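Single-structure report; data block below.
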Amino acid sequence: MKVKVFDEGHEKDLEEKINEFLEEHEEIIDIKYQVSIAMFSEEQIYCFSALIIYK
Numbered sequence: 004m005k006v007k008v009f010d011e012g013h014e015k016d017l018e019e020k021i022n023e024f025l026e027e028h029e030e031i032i033d034i035k036y037q038v039s040i041a042m043f044s045e046e047q048i049y050c051f052s053a054l055i056i057y058k
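Take a look at the structure:
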């Protein structure tokens, strides 16, 4: 069993990276998804991440 972590600043970028990974790996066990947000001065910073467990 192995894991792969993805971390992107935009959900579409995360989607693209995960789809590329899934094309190469067929035995996916689970996918964990998380969104976090932080404030830096007046700017909102988003973090879209996923952990894929696979064989």
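Just so you know, the sequence shown maps onto residues 4 to 58 in our numbering.
Using N, Cα and C, we set each Cβ at its ideal position, and we do this for glycine too.
In this text, all values refer to a predicted model and were calculated from it rather than measured experimentally.
- Remark: C-beta atoms of F51 and E11 approach each other more closely than 9 Å.
- Here I55 is buried. Its C-beta has 16 or more other C-beta atoms within 10 Å.
- In the three-state DSSP reduction, E29 falls in the coil class, being neither helix nor strand.
- Scanning its chain for C-beta atoms nearer than 7 Å, with the 5 sequence neighbours on each side dropped, one finds around Q47 the residues I40, in chain order.
- Burial check for F9: the Cβ neighbour count within 10 Å reaches 16 or more, so the residue is buried.
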